[in-house]
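Chemist:
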Amino acid sequence: MTDKNITKDAMYDAVAPDDFESMLELDRYNNRSTAFDKIISATHDHFWDPLDKTYIDFDEPFDMENQALVPEDLVIALSTDYVSNHLSDPKTRIRFINQ
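In terms of the working numbering, the sequence shown opens at residue 1165 and continues consecutively.
1. Does the beta-carbon distance from asparagine 1249 to methionine 1228 come in below 7 Å?
2. What is the DSSP secondary structure of leucine 1323, reduced to helix, strand or coil?
3. Among Thr1244, Val1239 and Asn1230, which residue has its Cα nearest to the Cα of threonine 1256?
4. Determine the DSSP secondary structure at aspartate 1209, reduced to helix, strand or coil.
5. Relative to the C-alpha of glutamate 1236, which residue among Glu1224, Ser1252 and Phe1222 is closest?
As structure tokens, this is what we get:
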């Protein structure tokens, strides 16, 4: 069986996943590695910030009348002939998608 741990280092003082009794020993938690502080403080570098204009610039106007928010193939109803044929007008189709 292969080891699926991303990071395996003695400094983490990890115990075997099935060694529940060792996990309950309180003294082992007083020896927490400072590496965790570094890892936790760096998490902001790894996550998407919806307010960062690098990702999405909400100041830029979006033409909801002429441009669909999502591709048509993501709108399941449009895969049926009945709905697709009923919404043959492009503006009506886009309005349906954007609702």
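Where a beta carbon is used, it is the ideal one built from N, C-alpha and C, also for glycine.
Modeler: Working from what's here:
1. no
2. The displayed coordinates of the chain run from 1165 to 1263. Any statement about residue 1323 would go beyond what the structure contains.
3. Asn1230
4. Helix at aspartate 1209.
5. Ser1252
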